[in-house]
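Enquirer: Residues 32 to 312 in the working numbering are what the sequence shown lists, from first letter to last.
Quick one: structure below, then a few questions.
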Amino acid sequence: MQAEYSMSPRVDELRLQRIKKQAKRSGIWEGMCFWLQAAIREDEASFFPLVAVWVDAESGMILHHEMARPEKGVGILQTALLQAMEDAGIVPEELEVGTSAAVEVLKPVTRPLGIVLSVQEDLPAVQEAVHWLQSCMASADDSKNHGPTNPAENDLMAQVENANYELLALFETWLMEQGLSHATRVRHLQTMDLFLNSYLMDIGPMAPDEGIFKLDQFFVQWLPKATPWVSSSAVQGMLPALKKFAVCLNQQGLLAQEDLQDFLALIKARRKDWEQIRQVD
32 MQAEYSMSPR VDELRLQRIK KQAKRSGIWE GMCFWLQAAI REDEASFFPL VAVWVDAESG
92 MILHHEMARP EKGVGILQTA LLQAMEDAGI VPEELEVGTS AAVEVLKPVT RPLGIVLSVQ
152 EDLPAVQEAV HWLQSCMASA DDSKNHGPTN PAENDLMAQV ENANYELLAL FETWLMEQGL
212 SHATRVRHLQ TMDLFLNSYL MDIGPMAPDE GIFKLDQFFV QWLPKATPWV SSSAVQGMLP
272 ALKKFAVCLN QQGLLAQEDL QDFLALIKAR RKDWEQIRQV D
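Take a look at the structure:
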């Protein structure tokens with residue numbers, strides 16, 4: 032259920048100018064603000080938070096989402112948009128939202144940036160993202176209610192998560208050294224964060240040098256269920272990130288040259304099948 036919209040927050044004009052100068056213009060984004068169906072307990076009180084989410088309409092990729100207490104108001108749709116543009120290094124050509132009230136919240140940002148803003152009855156990409164976020168939050172809440180698992184298992188999971196974040200930091204530095212743009216680096220890091228901290232943790236946990244060979248299971252079984260909004264073009268966009276990550280591991284001495292060649296050959300042999308799976312879905 033979408034939240035009702037309230038007064039727009041004050042816009043930081045310097046921030047807008049910075050975004051306008053640094054970001055390239057591309058694409059159509061869908062946005063929505065909704066009430067999370069899982070209650071959060073904070074300071075001895077429970078509440079249902081507001082969530083704002085922005086999604087790329089073509090690929091279905093979640094660009095940014097954030098939560099706020101109810102009293103913050105749904106102006107968070109505007110602040111989430113600013114953060115999404117900064118993270119992606121992109122100013123969208125068009126924004127699509129579900130209500131005229133949302134348009135009023137966003138006008139202080141879209142007018143100075145020259146973004147076309149419209150109301151659409153059907154917002155398939157963001158609606159899929161909202162459904163997924165609701166499911167994820169409900170699953171997390173259910174896990175908490177079932178209490179802690181084996182302490183040794185918790186320790187292992189924590190160690191693997193820490194190792195993954197160290198690898199992502201290493202990968203980010205490597206991408207910068209390759210001279211890739213900020214927007215490209217963000218896309219590659221989002222892909223590898225999903226692969227390492229969601230997929231491999233879900234099926235394992237599993238070390239990356241072993242897990243990167245589990246691409247068939249990732250694209251054929253796990254991805255369609257975990258991220259149903261992801262399109263064929265998004266799958267195409269994920270493959271360069273996976274290849275660059277493997278090259279990074281190889282150059283850091285974390286993946287043997289023979290394994291790197293096998294990995295690249297696997298992608299070459301199977302990529303069309305993975306892309307067609309998304310087209311069928």
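Positions of the beta carbon are idealized from the N, C-alpha and C atoms, including for glycine.
If you're wondering where the values come from, they're calculated on a predicted model, not measured in any experiment.
In angstroms with no decimal places, state the Cα-to-Cα distance between P239 and S90.
Expert: If you take the alpha carbons of P239 and S90, they lie about 25 Å apart.
Enquirer: Could you say which of M92, W66 and R56 lies nearest to L81 if we only look at CA atoms?
Expert: Checking every option, the nearest Cα to that of L81 belongs to W66.
Enquirer: Can you tell me whether S174 is helix, strand or coil according to DSSP?
Expert: Unreliable positioning characterises S174 in this predicted model, as indicated by a pLDDT of 48, which lies under 50. The coordinate reading is nonetheless provided below. Helix.
Enquirer: What residue does the alpha helix (DSSP H) around V217 start on, and which one ends it?
Expert: H213 to L225 is the span of the alpha helix (DSSP H), which, as asked, contains V217.
Enquirer: The beta strand (DSSP E) that contains D87, what's its start and end?
Expert: Its beta strand (DSSP E) spans residues L81 to D87.
Enquirer: Taking only the alpha-carbon atoms, compute the straight-line gap between E44 and M116 and give it to the nearest angstrom.
Expert: The straight-line gap from Cα to Cα measures roughly 15 Å.
Enquirer: Since F78 sits in a beta bridge, which residues does DSSP pair it with?
Expert: DSSP output for F78 lists I71 as bridge partner(s).
Enquirer: Using DSSP with H/G/I as helix, E/B as strand and the rest coil, what is G62?
Expert: Of the three classes helix, strand and coil, the one that applies to G62 here is strand, per DSSP.
Enquirer: For M237, name the three-state secondary structure that DSSP assigns.
Expert: If DSSP states are grouped into helix, strand and coil, M237 belongs with coil.
Enquirer: Report the three-state DSSP secondary structure of V134 (helix, strand or coil).
Expert: In this structure, V134 counts as helix in the three-state DSSP scheme.
Enquirer: Is the segment 141-150 in contact with the segment 233-248, if contact means three or more CB pairs nearer than 8 Å?
Expert: Cβ pair count under 8 Å is below three, so no.
Enquirer: Could you give the residue range of the beta strand (DSSP E) that holds L126?
Expert: It spans E125 to V128 - the beta strand (DSSP E) in which L126 sits, taken as one unbroken run.
Enquirer: With 16 as the cutoff for other CB atoms within 10 Å, does D153 come out buried or exposed?
Expert: Answer is exposed; the Cβ neighbour count stays below 16.
Enquirer: Compute the distance between the beta-carbons of V128 and G62, then report whether it is under 7 Å.
Expert: Contact flag set, yes.
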